[in-house]
Structure formats: structure tokens, C-alpha cells
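Enquirer:
Protein chains in written order, with the UniProt record's numbering: chain Y, 1 to 321; chain H, 1 to 322.
1. Quick one: residues in its chain with C-beta nearer than 6 Å to the C-beta of residue 14 of chain Y, no 5 flanking neighbours on either side, listed in chain order?
2. Could you work out which residue in Y:140, Y:146 and Y:181 is closest to residue 157 of chain Y when comparing CA atoms only?
3. Is it buried or exposed for residue 40 of chain Y, if we count other Cβ within 10 angstroms and need 16 for buried?
4. Just to confirm my understanding: we take residue 302 of chain Y, look at its own chain, exclude 5 residues before and 5 after, and list those with CB closer than 8 Å. What are they?
5. Is the Cβ-Cβ distance between residue 57 of chain Y and residue 65 of chain Y less than 8 Å?
6. Beta-carbon separation of residue 260 of chain H and residue 198 of chain H under 8 Å?
7. Mind listing the chain H neighbours of residue 179 of chain Y? Cutoff is C-beta to C-beta under 8 Å, in chain order.
8. Taking only three categories from DSSP, how would you classify residue 246 of chain Y?
9. Apart from the five residues on each side of it in sequence, which residues of its chain come closer than 6 Å, Cβ to Cβ, to residue 246 of chain Y?
10. On a CA-only basis, which of Y:283, Y:250 and Y:242 is nearest residue 309 of chain Y? Give me that one, please.
11. Short of 6 Å in beta carbon distance, which residues of its chain neighbour residue 217 of chain H, apart from the five on each side in sequence? Order them along the chain.
12. Check the Cβ of residue 85 of chain Y against every Cβ in chain H and list those closer than 8 Å, keeping chain order.
13. Closest by CA to residue 303 of chain H, which one among H:25, H:9, H:63 and H:7?
14. Would you check whether the ligand COA has a heavy atom nearer than 7 Å to the C-beta of residue 74 of chain H?
15. So, for residue 148 of chain H: in the same chain, excluding its five sequence neighbours on each side, which residues have a beta-carbon less than 6 Å away from its beta-carbon?
16. Taking C-beta pairs closer than 7 Å, name the residues in chain H that residue 99 of chain Y reaches, listed in chain order.
17. Might you give, ordered along the chain, the residues of its own chain that have their beta carbon closer than 8 Å to the beta carbon of residue 297 of chain H, omitting 5 neighbours on each side?
18. Of all Cβ atoms in chain H, is any one closer than 8 Å to the Cβ of residue 54 of chain Y?
19. Would you be able to state if there are at least three C-beta pairs under 8 Å between the region 126-139 of chain Y and the region 171-179 of chain Y?
20. Distance, Cα to Cα, residue 112 of chain H vs residue 17 of chain Y?
21. So, do the region 31-49 of chain Y and the region 198-208 of chain Y have three or more beta carbon pairs nearer to each other than 8 Å?
22. In its own chain, which residues sit with a C-beta less than 6 Å from the C-beta of residue 52 of chain Y, not counting the 5 before and 5 after it?
23. Count the other CB atoms, across all protein chains shown, that sit within 10 Å of the CB of residue 211 of chain H; report buried if there are 16 or more and exposed otherwise.
24. At what residue ranges does the region 80-157 of chain H contain a whole run of the alpha helix (DSSP H), taking only runs of 4 or more?
25. For residue 19 of chain H, is the classification buried or exposed, using 16 other Cβ atoms within 10 angstroms of its Cβ as the cut-off for buried?
26. Suppose the cutoff is 7 Å on Cβ atoms and the five residues either side in sequence are ignored; what does the same chain contact list for residue 100 of chain Y look like?
27. Any idea if residue 146 of chain H is buried or exposed, counting beta-carbon neighbours within 10 angstroms, 16 or more meaning buried?
28. Nearest to residue 154 of chain Y by alpha carbon, out of Y:36, Y:97 and Y:197?
29. Taking Cβ-Cβ distances shorter than 9 Å, what residues in chain Y pair up with residue 243 of chain H?
30. State the DSSP-derived secondary structure class of residue 272 of chain H, mapped to helix, strand or coil.
31. Could you give the first and the last residue of the continuous alpha helix (DSSP H) run that contains residue 303 of chain H?
32. Am I right that residue 273 of chain H and residue 194 of chain H are in contact with their C-beta atoms under 8 Å? What's the rounded C-beta distance?
33. Answer with yes or no whether the minimum CB distance from residue 248 of chain H to chain Y is below 8 Å.
Structure (C-alpha cells):
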């Protein structure tokens with residue numbers, strides 16, 4: 001297939017009357033890794049849950065389309081939509097302990113996902129054991145009989161990953177899967193998922209607020225702010241030459257990398273983005289970032305800029321001060 | 001996975017605690033009974049007790065064993081209980097053990113029947129309410145539940161008896177109680193109405209517990225994970241949401257069953273069923289010490305054992321508590 005695996009067009013989602021995703025468009029090609037970054041409340045998770053069809057009761061998609069393999073999944077009957085869930089698009093969540101059913105053995109939870117897509121019992125069991133092995137869990141048949149509370153945080157997240165990957169999805173949405181883990185375990189898990197991605201030619205949407213993760217694992221980055229994408233750029237280009245003042249602020253606030261010989265960079269205070277995150281219930285007219293933006297022009301407070309050619313900003317980079 | 005807290009150790013530990021609780025119950029019942037005005041003699045003879053001369057009274061007091069000090073009475077009774085002798089009814093002279101052996105099956109059957117009716121109804125209504133929170137079916141079920149809880153048993157039981165008597169010409173009669181062993185149909189036709197009356201309040205309680213637990217679990221992340229795997233809605237509801245709700249439902253059901261064993265007094269009285277409740281009530285009006293003390297102790301023991309059974313089941317249902 002040549003077209004994109006996932007094509008989101010002008011997606012809008014709301015919680016009650018509050019618009020949390022305000023018209024976003026992006027595509028993901030087969031096997032591509034894309035980062036979705038932004039602060040909490042920027043709409044990253046709601047975007048992911050809209051794609052999965054797992055929005056909470058109070059929330060709903062209010063407009064746009066989500067095409068998977070060319071078919072608009074928002075218009076599919078629920079039964080067909082369900083057949084994509086897990087088998088086509090899988091998601092791993094932030095907190096592995098609450099994401100697993102505490103009353104079910106972990107092996108059974110993985111098998112359940114396979115059985116839901118018609119895999120025969122014996123084969124489901126075999127694939128469950130294979131996948132546990134693949135995600136780096138020793139003694140799969142012993143681990144499979146454990147309950148979630150009997151495993152460590154890192155092991156649980158590996159189970160969650162195994163559960164997502166066992167049905168062989170083509171797209172994996174990873175919503176900050178390592179925030180609840182120790183730094184060393186974080187690195188192992190990220191490396192593991194990246195290895196599996198290459199082995200299975202999996203497309204991955206990494207949702208994170210950690211630009212370091214994005215730099216290591218993705219080719220392309222979508223920067224979200226107040227329910228919109230404000231910059232869509234290849235990861236190298238974004239770091240070298242951010243085009244949206246918000247992206248520029250995010251990158252400036254990263255600690256400097258150590259020198260090639262390993263000596264740590266000079267300790268200087270990191271610049272932070274001034275102001276407070278936007279209140280979605282009371283967005284200003286114009287660009288929602290304008291109140292915090294050092295590059296603000298007159299037009300920014302009256303008209304919201306569309307996403308064109310990488311960025312959604314009225315002020316071209318040459319005119320930045 | 002039987003670690004240091006294996007099931008046997010757990011049961012033994014709990015039984016030790018139980019013994020302390022039951023001793024407390026025995027003391028309280030004994031003291032309360034003695035604190036009531038009057039005694040067995042006045043209860044038996046009524047106003048004629050006043051006509052007794054001191055010698056007659058002393059003879060009766062000795063006859064009933066009331067001349068001994070309270071500590072002696074208590075220890076004598078408790079010692080007997082520990083050896084399986086529950087005492088003799090001062091009122092009728094029948095051994096308490098015989099009285100209980102006749103009454104216990106009636107109450108247990110009534111409680112089981114009420115539970116059997118109330119649990120499926122309560123769980124089903126709870127799921128029905130929780131599946132559309134805030135909508136018509138939820139509000140209807142919740143309102144019905146409040147009625148079920150608010151309606152006192154004696155009202156419901158009396159209305160039930162009145163309707164049965166006027167419309168169906170059915171009159172409960174303790175003399176004609178048919179045990180289950182004699183005629184299943186005859187027995188059930190006598191127990192079904194009181195069981196239904198008891199089931200109303202029970203079902204309401206179970207419904208509310210189910211609704212709360214179901215709603216809470218439906219919102220949990222592991223349910224979202226299950227849906228994210230493409231699991232069918234029915235399986236998500238039964239295998240994940242309801243399964244996780246079973247723990248609080250079971251706890252509530254167990255507690256209710258324990259209450260039922262000692263709490264069917266009113267319903268047994270209204271429907272004239274010769275169960276433990278009626279035995280207890282008669283014992284109290286006759287100040288029949290041995291009957292009240294032994295029956296109460298038995299009910300308390302049953303309550304504690306039911307709770308122990310619930311805790312054991314709990315460990316079975318929730319691996320985290322093992």
C-alpha cells in the first residue's frame with residue numbers, strides 16, 4: 001500500500017461543550033515513527049483516544065475524519081471498528097498497573113486480545129508465550145501465570161506492550177508509556193519497543209512531553225498546543241530550526257547535550273516559556289499562544305493562524321527578534 | 001503461592017478472634033437479660049406472681065436455679081454450652097437444643113430462599129441501572145431501590161399477609177408448618193411469601209452495591225485496555241466489569257445473609273413461621289434465659305462464620321488479598 005496508514009483530517013473532539021481537539025490533520029506512513037509532543041491538556045491523549053475510539057463517555061468526536069488504510073473509521077459500523085481495535089491499531093497507556101486487570105493472570109489478558117480477533121485457543125497461547133519472550137520477559141510460561149501485582153513496574157509495562165503487539169497491529173500508539181517507571185527501566189523499555197518496531201515494521205505514534213524521547217525515537221514531530229498542531233516537522237529540522245515560537249521555547253528549555261568527549265555541558269539556567277498554559281474554556285481570539293509569545297504581532301491577537309508549510313504562525317522566522 | 005499467610009493460618013487466626021467476640025456476645029446478652037425488670041417467675045405467672053408467699057417464691061427461685069449468683073449462673077450456662085448442653089427452657093421444660101434443632105432449619109431455609117431471590121434480581125437491576133447512568137432506566141431502578149429500602153419489613157409483611165388472606169384466602173398458621181422433608185411444594189408455598197418480603201430490601205441493597213461497583217469499574221483503565229484490545233462489549237461487561245464488581249457484591253451479600261439469620265424476627269412473627277426469630281421473641285417475652293442466651297449465641301456464631309466464609313471467598317476472588 002502506498003498511501004498513508006493513518007490519515008487524520010480536521011479532527012475535532014469535545015468534552016461536553018469544551019473543544020479539546022480543535023481541527024488537527026496529520027498522516028502516518030506504514031512503518032513511520034512520529035512524535036506528538038505538547039504540555040498536559042494540549043489534546044495529545046484525546047487525539048489518540050479519538051483514533052482508538054476509546055473516548056470517555058463525556059467526550060466525543062465532533063468533526064473531521066480518521067482514515068485507516070484508506071477507510072474512514074469514524075463511519076464504520078461499531079463491529080468493524082472493533083475488529084481494527086487491537087488488531088490494526090493498538091495503544092499502550094501511561095500507567096501499566098491500572099491498565100491491567102488486577103484479577104486476571106497476565107497471560108490470560110494477552111490471550112484474550114488474540115481470541116477477540118479469532119485466533120484459535122492453542123495458537124493464541126503459543127503466540128502469547130512468544131510475545132512475552134519477544135518483549136524481554138524471562139521464563140514466559142511462569143510469567144504468564146502471574147497476576148499484575150506480582151510483577152515489577154517494568155515487567156508490567158512489558159506485559160502491556162506484549163498485549164498490544166501480540167495481535168500484530170500495524171500502528172502502535174504509545175501514550176507516555178514510561179512516565180511511571182525508573183529512568184533506567186524507561187531506557188530499556190523504549191529501546192525494546194523501538195527494536196520491536198523495526199522487527200515488525202510497525203508504525204508508532206509516540207505521545208510524550210519529553211523531547212529527548214522524541215529526538216531518539218522518531219523521524220517526525222507534531223507539536224500540539226491548545227488542541228491544535230502548531231508545528232509539523234522532521235525531528236532534525238525541528239531541533240535545528242524551530243519555526244513556531246512555542247517549539248523554539250520547548251527546545252530552548254532542553255538541557256544542553258554533553259560534549260562528544262563526554263564532559264557535561266556548562267551549567268546555565270534553562271530558559272522557560274513564560275506565562276501559564278492556556279485555559280481551553282477561555283481561549284483568546286487569534287493565536288492561543290499569543291499571550292505567552294515573545295514574537296507576537298498585531299495579527300496574532302485577532303486571527304488564528306492555520307497550519308501551512310510546517311508551522312501555524314503569522315510571524316516568519318526572519319522577522320523573529 | 002501459599003506464603004506465610006496461607007489459608008489455614010488465616011482461618012485459625014480468625015477463629016481465635018471469633019472466640020473472643022462470641023464470649024463478649026455471651027456476656028452482653030446475659031447482663032441485658034438480667035437487667036430487664038421481672039424474671040422467669042413473674043413472666044410465667046403474670047400478676048399472680050404477686051400472690052406468692054415468700055416460701056413459695058423461694059421454692060420457685062430455687063427450682064429455676066435463680067438463687068445462684070449471676071457469675072455462677074453465667075459460668076454454669078457457658079460451661080454447658082461448651083459441652084454442647086444448651087440448657088433447658090424454663091418455660092416449657094424442653095431442652096433448648098431440641099427447640100433450636102426445630103427452628104434453625106426454618107430460618108436458614110428462609111434466609112437462603114430470600115438470598116436466592118434477591119441476589120440475581122439485585123445484581124441484574126444494578127447492572128441495568130449502571131449501564132445507562134443518569135438515564136430513565138437508572139432513575140427508575142434507583143427510585144424503586146429507595147422504596148425497597150425505605151419500606152419497613154413489618155409493613156410489607158402485614159400488607160402481604162392481608163392480601164394473601166383476603167384475595168387468596170391463605171392464612172399462615174404455625175401449627176400447620178410443613179417441613180421441607182415432608183413436602184417440598186407445601187413447604188415452599190409457606191416460605192415463598194416471607195422470603196419475597198425479605199428479598200425486597202435485600203435486592204435493593206444489592207442493587208445499589210452492584211450499581212456503584214459496576215459504574216466505578218466501568219470507568220477504570222483496565223476496562224479501557226480491554227476495549228482497546230477489541231474485546232466484545234458483552235465480554236467486557238461480564239468478564240471485566242462485573243467480574244471486578246463481584247468482590248463488593250459478595251461482601252454485601254454475605255453481610256446481609258448474616259443479618260438474615262438473626263434478623264427475620266418480624267417476618268417470622270407476622271407469617272407465624274416457627275423459626276429462630278420466633279423462638280427468640282418467645283424466649284424474651286417469657287424471660288426464658290437459657291433459650292435467649294443460647295439462641296443469641298448461635299445466631300452470633302452463625303454471623304461470624306458467614307463472615308469468615310465471605311472472607312475466604314474474597315481471597316479466592318481477588319488474588320491481591322492472598
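Even glycine gets a Cβ: it sits at the ideal position worked out from N, Cα and C. Remember, it's a predicted structure, so these values are computed and weren't measured experimentally.
Expert: Concretely, from the data shown:
1. If you ignore the 5 residues before and after residue 14 of chain Y, its C-beta comes within less than 6 Å of the C-beta of 62, all in its own chain and listed in chain order.
2. Selected option, being the one with the closest Cα: Y:181.
3. exposed
4. Answer for residue 302 of chain Y: 285 and 286, listed in chain order.
5. no
6. Yes. Within cutoff.
7. Per Cβ cutoff of 8 Å: no residues; residue 179 of chain Y is ~14 Å from chain H at best.
8. helix
9. 225, 230 and 289
10. When each option's Cα is compared against that of residue 309 of chain Y, the closest is Y:242.
11. 241, 244 and 245
12. 227, 228, 229 and 230
13. H:25
14. Summarising the ligand content, the structure contains no ligands, and the ligand COA is consequently not present.
15. 200, 201 and 204
16. 221, 222 and 225
17. 22, 25, 26, 29 and 81
18. yes
19. no
20. 50 Å
21. Yes, the region 31-49 of chain Y is in contact with the region 198-208 of chain Y.
22. The answer, listed in chain order, is 91.
23. buried
24. Runs of the alpha helix (DSSP H) inside the region 80-157 of chain H: 96-131 and 136-150.
25. Around the beta carbon of residue 19 of chain H, a 10 Å sphere encloses fewer than 16 other beta carbons of the protein chains shown; the residue is thus reported as exposed.
26. 106, 109, 148, 156, 159 and 160
27. exposed
28. Y:97
29. 101, 103 and 104
30. coil
31. 289-317
32. About 6 Å; that satisfies the 8 Å criterion.
33. no
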